[in-house]
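**Q**
There are 2 protein chains.
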Amino acid sequence: MTQPTSRPESRTEAPRGRHLSAPPTPPTLATVADEAGVSRQTVSNALNNPELLRPETLVRVQSVIERLGYSPNRAARQLRTRSSHLIGLRFEPAQEGTSNALMDRFLHSLTEAASRTGHHVLLFSGDSKDPLDGYDDLLRSTAVDAFVVTDTYAGTPQAGFLRERGAPFVAFGRPWDEPGADHAWTDVDGAHGARLATEHLLEQGHRRIAWLGWEKTSRIGEDRRSGWQGGMQAAGQDTRGLGVRITDNVDAARLAAHELLEDPSVTGFACASDTLAIGVLHACAERGLRPGRDIGVVGFDDSLAAQVTWPGLSSVRQPLEEVAVELVRILHLVLAHKPIGDKGRMLRPSLVVRPSSLRS
Amino acid sequence: MTQPTSRPESRTEAPRGRHLSAPPTPPTLATVADEAGVSRQTVSNALNNPELLRPETLVRVQSVIERLGYSPNRAARQLRTRSSHLIGLRFEPAQEGTSNALMDRFLHSLTEAASRTGHHVLLFSGDSKDPLDGYDDLLRSTAVDAFVVTDTYAGTPQAGFLRERGAPFVAFGRPWDEPGADHAWTDVDGAHGARLATEHLLEQGHRRIAWLGWEKTSRIGEDRRSGWQGGMQAAGQDTRGLGVRITDNVDAARLAAHELLEDPSVTGFACASDTLAIGVLHACAERGLRPGRDIGVVGFDDSLAAQVTWPGLSSVRQPLEEVAVELVRILHLVLAHKPIGDKGRMLRPSLVVRPSSLRS
DNA sequence: GTCTAGGATTGGAACGATCAAGAGCCCTGG
DNA sequence: CCAGGGCTCTTGATCGTTCCAATCCTAGAC
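Chains as they are written, first to last, in this note's numbering: chain A, 1 to 360; chain B, 1001 to 1360.
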């Protein structure tokens, strides 16, 4: 077996001797090295460059690692390699009422995807007035390797700031307002989603399909709207007077739907959110119209509300799991300073069909 | 001003000279020390024990820190002090359809509360089959200072495991099945919430109020149910035949509600979740009963669904923000090895009243 | 003028890992 | 016989911070 060659007494002997109430000092590289009768560096190599070791040595070291339950101290590793294996994500105070369960799905997928490459997600918050608050501290203290930025719409300054600081990051969301942006991003093709909804309603026999969307200032809202418009035009349908812009609010949608439904030829509604779609369902109920049979309604985001609402709301579902996986993939490339084929990648949402849009 | 006494050339001069494409090396303690004409230790004290410095020195050092934009390197500090200022939270793959927007609210509050004491939240995931997966790695690599455990019901082994390992943690959720548990926890008094709902319905003139809850195996479900039962008994109402246990599913609730509504004396429904409550609303719609006027319905969790559903679903709202603040508070005590007054603290939910339970 | 107390500041060591060389060994080829 | 080169493993230095103990300095007491 291993004959522990007598070497200068290791400092790890002291901690192992005592029995205090405090948790025992976890084993270090030196502990493992002593136990296996090799040097620290060899243990390090066993973990990071196993191919450098002779197979027998590798096995021996590994078994000691296993036996002692050793894991490298992250702080020490981080100090030396200058990489923390942490990904920072500023967690915004998503306003109540919005379908922010999206964030939940996304965050979970991101956590999982990151863990597959040995990374973890670090959440931080910041002053809601200053979209850059929090980033700087983490950068200067070299606490994270990179950031995932989630709101790149409406001229948010994060991307520019991080590029200027030379901080690695990827974005969930295309760089709407930045012509010179050259960072990696992934986004969901909202226009495609709205078009799917529109085409589905057309297939169900609806012709005059209205759009309920957000204010013109919302880039995402306008993007989705363009999908509806495109779908309608491709089918030779006139969209004049059918596109409505309101705030994301059930009651606003209900009122808008009532107005549109004054015209009996309007039988379909594609909406920028589930909240708006539910407003349409309310209007239908008040008019004695049956969703599905009489009026086709499709929402966006496939929130819990869409799933539980009567009679089941069709909705466009974002592939958040894939977004997370893709973000982690390109983040990996960015961190390795490897070239990325496409700076940006657009993923397509899918349509979840429920009774609210089915004639039968 | 400061006369930079000539001292052995500091190693920090090299990095400051070059101009590569790589991001510039951030300033270190030594940089600041040189610049301010003091030793490293003095700069360190300026940050950690300002009262040790002479006021003038303090000001001088602080101004240099400010000017250079210095933040201590977290890895180095963590290595030396053995504390990462990170709080680990295992982010479970909350099943779709459940009102997991809860988690979103909680997580955000936790992030904010933690940041107020200079901590960050580290998310990790683990094999869904092994509830302990992930904890061990983070512990052994000393990556986090403590954990927040969120699911202590149904005999989950996390608490026991962490206590055994001597790892600091606090729990969101009381230790249901552990008589010997001595860890700190915070929970929401579900029974109180259900009682609030029941009393509210009684006030609205309902007498025969049914309970729609989860399977008997759910400790949380049984806890909430006991609140309904207590409220009914206090009002001298018989609960026989009114308490139903089903799975958390709209359709199951709809069917159960239909059955209960066969008895016309049943006019109120307190539910263990919004999903179940919405099932009741569906049944009402199918029977031509008007929620609020004819039937009083109250859900639980105040999810998005409760807010947007017609006609607005009353619901019990958990004080997740307060839970997070409280958890961080006691975590602070635990980390400082200070005694905690109460091991556990129960917070009270509130009732959000909407038309589904209002007669007028 | 010396001694002492104590506040302010300093230099060296340590935390636990990786990097960069170097050293020992065995084999091959001139 | 020895130089040269893999292969395997070891040694010392280093990352940036804080801990520890020592040193400097000033003021007060005798």
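Cβ coordinates follow ideal geometry from the N, Cα and C atoms, glycine included.
Would you kindly check if the distance between the Cβ of S314(A) and the Cβ of L351(A) is under 9 angstroms?
**A** yes
**Q** Could you pull the start and end residues of the beta strand (DSSP E) that V144(A) belongs to?
**A** Run containing V144(A): none; DSSP gives neither H nor E here.
**Q** Can you tell me whether DSSP reads P291(A) as helix, strand or coil?
**A** strand
**Q** Whole angstroms are fine: how far does the CA of E1092(B) sit from the CA of H108(A)?
**A** 7 angstroms
**Q** Rounded to the nearest angstrom, what separates A203(A) and A210(A) at their Cα positions?
**A** A small fix is needed here, since residue 203(A) is Glu in this sequence, not Ala. Whole-angstrom Cα-Cα distance: 15 angstroms.
**Q** Could you tell me the distance, in whole angstroms, from the CA atom of G69(A) to the CA atom of V43(A)?
**A** 14 angstroms
**Q** So, is P1024(B) buried or exposed, given that buried needs 16 or more other C-beta atoms within 10 angstroms?
**A** Per the 10 Å Cβ criterion, exposed.
**Q** Would you please verify whether the beta carbon of G193(A) is less than 9 angstroms from any beta carbon of chain B?
**A** no
**Q** For the alpha helix (DSSP H) containing F1161(B), name the first residue and the last one.
**A** 1158-1165
**Q** Identify the contact partners of Q78(A) in chain B, using a Cβ-Cβ distance below 7 angstroms as the criterion.
**A** A1075
**Q** Return no unless some Cβ of chain A is closer than 9 angstroms to the Cβ of S1044(B).
**A** It does not; no Cβ of chain A falls within 9 angstroms.
**Q** Can you tell me whether D1223(B) is buried or exposed, with buried defined as 16 or more other CB within 10 angstroms of its CB?
**A** buried
**Q** Listed in chain order, which residues of the segment 288-315 of chain A have Cβ atoms closer than 8 angstroms to some Cβ of chain B?
**A** S303, L304, A305, Q307, V308, T309, W310
**Q** Out of curiosity, what's the CA-to-CA distance linking A1146(B) and S1083(B)?
**A** Taking the Cα positions, A1146(B) is about 10 angstroms away from S1083(B).
**Q** Okay, do the segment 1161-1174 of chain B and the segment 159-171 of chain A touch, 3+ Cβ pairs below 8 angstroms being the bar?
**A** no
**Q** Put D342(A) into one of helix, strand or coil per three-state DSSP.
**A** Coil.
**Q** How long is the line joining the alpha carbons of L1139(B) and F172(A), rounded to whole angstroms?
**A** 31 angstroms
**Q** Please state if the CB of L1201(B) and the CB of A1270(B) are separated by a distance shorter than 9 angstroms.
**A** Yes, they are a contact pair.
**Q** What whole-angstrom Cβ distance do A184(A) and I340(A) have, given they're in contact under 8 angstroms?
**A** 5 angstroms
**Q** Please report the straight-line C-alpha distance between F56(A) and L122(A), rounded to a whole angstrom.
**A** The sequence shown places Glu at residue 56(A), rather than the Phe named in the question. One C-alpha to the other measures close to 39 angstroms.
**Q** Indicate the three-state DSSP secondary structure (helix, strand or coil) for G1221(B) in the structure shown.
**A** helix
**Q** Leaving out five residues before and five after G134(A) in sequence, what residues of the same chain have Cβ atoms less than 7 angstroms from its Cβ?
**A** R90, F124, S125, G126
**Q** Among the candidates L53(A), D177(A), A76(A), P26(A), whose CA atom is the shortest distance from the CA of T217(A)?
**A** Cα-wise, what sits closest to T217(A) is D177(A).
**Q** If you measure from the beta carbon of F1269(B) to each beta carbon in chain A, is any gap under 9 angstroms?
**A** no
**Q** Nearest by alpha-carbon distance to D1238(B): which of N1073(B), V1266(B), V1323(B), T1117(B) is it?
**A** V1266(B)
**Q** Is there a C-beta anywhere in chain A that falls below 9 angstroms from the one on H1183(B)?
**A** no
**Q** Count the CB pairs spanning the segment 1279-1287 of chain B and the segment 1248-1255 of chain B that are closer than 8 angstroms, and state whether there are at least three.
**A** yes
**Q** Pick out whichever of E215(A), F169(A), V316(A), N49(A) has its Cα sitting closest to the Cα of L335(A).
**A** F169(A)
**Q** Please classify R225(A) as buried or exposed, where buried requires at least 16 neighbouring CB atoms within 10 angstroms.
**A** buried
**Q** Between L1196(B), T1152(B), T1150(B), G1166(B), which lies nearest to D1136(B) when the distance is taken from Cα to Cα?
**A** G1166(B)
**Q** Could you please give the first and the last residue of the uninterrupted beta strand (DSSP E) stretch that includes D187(A)?
**A** 184-188
**Q** Just how far apart, CA to CA, sit D1302(B) and T1150(B)?
**A** In a straight line, the C-alpha of D1302(B) is about 19 angstroms away from that of T1150(B).
**Q** Which parts of the segment 1091-1138 of chain B are runs of the alpha helix (DSSP H), unbroken and 4 residues or longer, counting only runs that do not cross its ends?
**A** Here the runs fully enclosed are 1101-1115.
**Q** Whole angstroms is fine: what's the gap from Q1307(B)'s alpha carbon to V188(A)'s?
**A** 27 angstroms
**Q** Using the DSSP secondary-structure output, state which residues sit across from A1234(B) in a beta bridge.
**A** Looking at the DSSP assignment, A1234(B) forms no beta bridge with any residue, so it has no partner.
**Q** Beta-carbon of R1354(B) versus every beta-carbon of chain A: anything under 9 angstroms?
**A** no
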